[in-house]
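Trainee: Structure provided below as structure tokens; questions to follow.
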Amino acid sequence: MTVRPSFSRLKLLLGVLSLLCWLQPALNAIQPPDAADNPDAKQQATELKGVSAAELTAFTDSLAAKGLWLTELSTRMSRGNQVFDARAAPNTAELAWFAHVNLTAEQFAEKQKQYSADGFVLLSSKALTVRRQRLHSGLWTQDPQASFELQLPAEELPETGVTGTNLEPLNQLFRNLLKNDAVPGATVAVSRDGKMLFERGFGWASVDQKTPMQPDHEMRIASISKPLTAVAILLLEADGKLSLDDPILPILATHSAGFSPEQALDNDPRWADVQIRHLLQHTAGIDRDRSKDTMFELVRIARTLELDRSPNTHEIVKYQLLQKLD
Numbered sequence: 419m420t421v422r423p424s425f426s427r428l429k430l431l432l433g434v435l436s437l438l439c440w441l442q443p444a445l446n447a448i449q450p451p452d453a454a455d456n457p458d459a460k461q462q463a464t465e466l467k468g469v470s471a472a473e474l475t476a477f478t479d480s481l482a483a484k485g486l487w488l489t490e491l492s493t494r495m496s497r498g499n500q501v502f503d504a505r506a507a508p509n510t511a512e513l514a515w516f517a518h519v520n521l522t523a524e525q526f527a528e529k530q531k532q533y534s535a536d537g538f539v540l541l542s543s544k545a546l547t548v549r550r551q552r553l554h555s556g557l558w559t560q561d562p563q564a565s566f567e568l569q570l571p572a573e574e575l576p577e578t579g580v581t582g583t584n585l586e587p588l589n590q591l592f593r594n595l596l597k598n599d600a601v602p603g604a605t606v607a608v609s610r611d612g613k614m615l616f617e618r619g620f621g622w623a624s625v626d627q628k629t630p631m632q633p634d635h636e637m638r639i640a641s642i643s644k645p646l647t648a649v650a651i652l653l654l655e656a657d658g659k660l661s662l663d664d665p666i667l668p669i670l671a672t673h674s675a676g677f678s679p680e681q682a683l684d685n686d687p688r689w690a691d692v693q694i695r696h697l698l699q700h701t702a703g704i705d706r707d708r709s710k711d712t713m714f715e716l717v718r719i720a721r722t723l724e725l726d727r728s729p730n731t732h733e734i735v736k737y738q739l740l741q742k743l744d
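Residues 419 to 744 (this note's numbering) make up the sequence shown, in order.
The following block contains the structure:
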């Protein structure tokens, strides 16, 4: 017997497709990039001299897409105004880095404490008095030699939910997994013939706050959505609701906060060539190693769209359609 979801499968498609096209690395299946877009050509050292804080922010925001990272940062006074000097170089080691300017002494100390605990080292720093206020700037970079081990609370890991019948070996399996591999928390469920037999939470939902994991705790499922998305799309194709050769742009445009397909095509005509099939095959023309994964670029997206909050799904789609394909 085939069980079909009671909700609209078309609605499911529109929701999940709007996420799928940028969450994972994609190959350049549409056409090779122009020579000017060659990543090797982009990865060239560059520097700024005497720029404002706003110009520095725009500069640093552009580095990741070019495969660069900030290697030098300093600040000084010029004709009565604070200006910044910065230099960037190819990020061949793919190191993470953070730069902050105009911090108070307390804010700078807090950043230093936070980043040091996460394995970052202070590459450069500069303090400058601006209008009688002492302001600090700093550049932190990942220490490639650092290693980390998650520190779990010393007490026994909590367990929540229904234990089930004759499933103690499963309980013990997860106890051992969390303990031996330093996993903070997990949920597990077992069902048969539509009946829930076992539903439990193990460990911590938040290590810092010591919040026990609950069986129904919401977590980011990330790539687990892919097989669900693929099945939903193939069901829609079987019902004649769509074809794998359908262009994706009209679908995404309905979930892009008023951003029209024409605007996307003005940014890059190749958007017209992207089909549903390409998304399923991770060949939609977006390469996470070059354009970065928008799941981890929410601050940049909010700044680009001039938002004072975290962007929602529709706004993330709008931002992505503003970009050129790789």
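All C-beta atoms, glycine included, are put in the ideal place defined by N, C-alpha and C. Every value quoted in this text rests on a predicted model; they were computed, and no experiment measured them.
Would you report the Cα separation of leucine 683 and isoleucine 666, rounded to the nearest angstrom?
Mentor: Taking the straight line from one Cα to the other gives about 12 Å.
Trainee: How is threonine 712 classed by DSSP in three states: helix, strand or coil?
Mentor: If DSSP states are grouped into helix, strand and coil, threonine 712 belongs with the helices.
Trainee: So, with DSSP's three-state summary, where would you put phenylalanine 502?
Mentor: The answer is strand: DSSP assigns phenylalanine 502 an E or B state.
Trainee: For alanine 700, report the span of its alpha helix (DSSP H) as first-last.
Mentor: Per the sequence shown, residue 700 should be read as histidine rather than alanine. Looking at the DSSP string, histidine 700 is not in any alpha helix (DSSP H), and its letter there is neither H nor E.
Trainee: Would valine 501 and valine 539 be called neighbours here (beta carbons separated by less than 8 Å)?
Mentor: Their beta carbons are not under 8 Å apart, which means valine 501 does not touch valine 539 by this criterion.
Trainee: Let me know if glutamate 528 comes out buried or exposed under the rule of 16 or more other beta-carbons within 10 Å of its beta-carbon.
Mentor: So glutamate 528 counts as exposed.
Trainee: Assuming asparagine 520 contacts serine 555 (C-beta within less than 8 Å), just tell me the rounded distance between them.
Mentor: Indeed, because the Cβ distance is near 7 Å, the residues count as touching under 8 Å.
Trainee: What is the rounded straight-line gap between the Cα of asparagine 594 and the Cα of arginine 721?
Mentor: Whole-angstrom Cα-Cα distance: 44 Å.
Trainee: What are the residues that DSSP puts in a beta bridge with phenylalanine 538?
Mentor: For phenylalanine 538, which the question treats as bridged, DSSP gives the partners Gln560.
Trainee: What are the boundary residues of the beta strand (DSSP E) that asparagine 520 is part of?
Mentor: Its beta strand (DSSP E) spans residues 515-521.
Trainee: Please work out which residues of its chain come closer than 8 Å, Cβ to Cβ, to alanine 592, disregarding the five sequence neighbours upstream and downstream, and give them in chain order.
Mentor: For clarity, residue 592 is phenylalanine in the given sequence; the question names alanine instead. So the list reads Ala604, Val606, Arg618, Phe620, once near-sequence residues are dropped.
Trainee: Ordered along the chain, which non-local residues of its own chain (more than five positions away) have a Cβ less than 6 Å from that of leucine 445?
Mentor: Its pLDDT being 30, under 50, leucine 445 is placed unreliably by the model, and the measurement read from it follows with that caveat. Excluding residues within five positions, the ones whose Cβ falls inside 6 Å are Thr701.
Trainee: Using the Cα positions of aspartate 561 and serine 534, report the straight-line distance between them to the nearest angstrom.
Mentor: Using only the alpha carbons, I get a separation of about 10 Å.
Trainee: Would you kindly work out how many angstroms separate the C-alpha atoms of glutamine 627 and aspartate 536, rounded to a whole number?
Mentor: Cα to Cα, glutamine 627 sits roughly 18 Å from aspartate 536.
Trainee: Can leucine 466 and alanine 507 be called in contact, C-beta distance under 8 Å?
Mentor: Going by C-beta atoms, leucine 466 is not nearer than 8 Å to alanine 507.
Trainee: Check alanine 604 in the structure and name its three-state DSSP category.
Mentor: Three-state DSSP puts alanine 604 in a strand.
Trainee: Which same chain residues, not among the five before or five after aspartate 495, have their C-beta less than 6 Å away from its C-beta?
Mentor: Note on residue identity: the sequence assigns methionine, not aspartate, to residue 495. Closer than 6 Å at the Cβ level, and outside the excluded window around methionine 495, lies no residue.
Trainee: Can you tell me which of the three DSSP states phenylalanine 677 falls into?
Mentor: Coil, per DSSP.
Trainee: Enumerate in chain order the residues of its own chain whose CB-to-CB distance from tyrosine 747 is below 8 Å, with the five nearest sequence positions on each side excluded.
Mentor: Outside the modelled stretch of the chain, which goes from 419 to 744, sits residue 747, for which no answer is possible.
Trainee: Sorted by chain position, which residues of the same chain lie with C-beta nearer than 7 Å to asparagine 499's C-beta, five sequence neighbours on each side aside?
Mentor: Closer than 7 Å at the Cβ level, and outside the excluded window around asparagine 499, lies no residue.
Trainee: Assign threonine 547 to buried or exposed, taking buried as 16 or more other Cβ atoms, counted over all protein chains shown, within 10 Å of its Cβ.
Mentor: Under this definition threonine 547 is an exposed residue.
Trainee: Tell me whether serine 728 sits in a helix, a strand or coil according to DSSP, three-state version.
Mentor: Coil, per DSSP.
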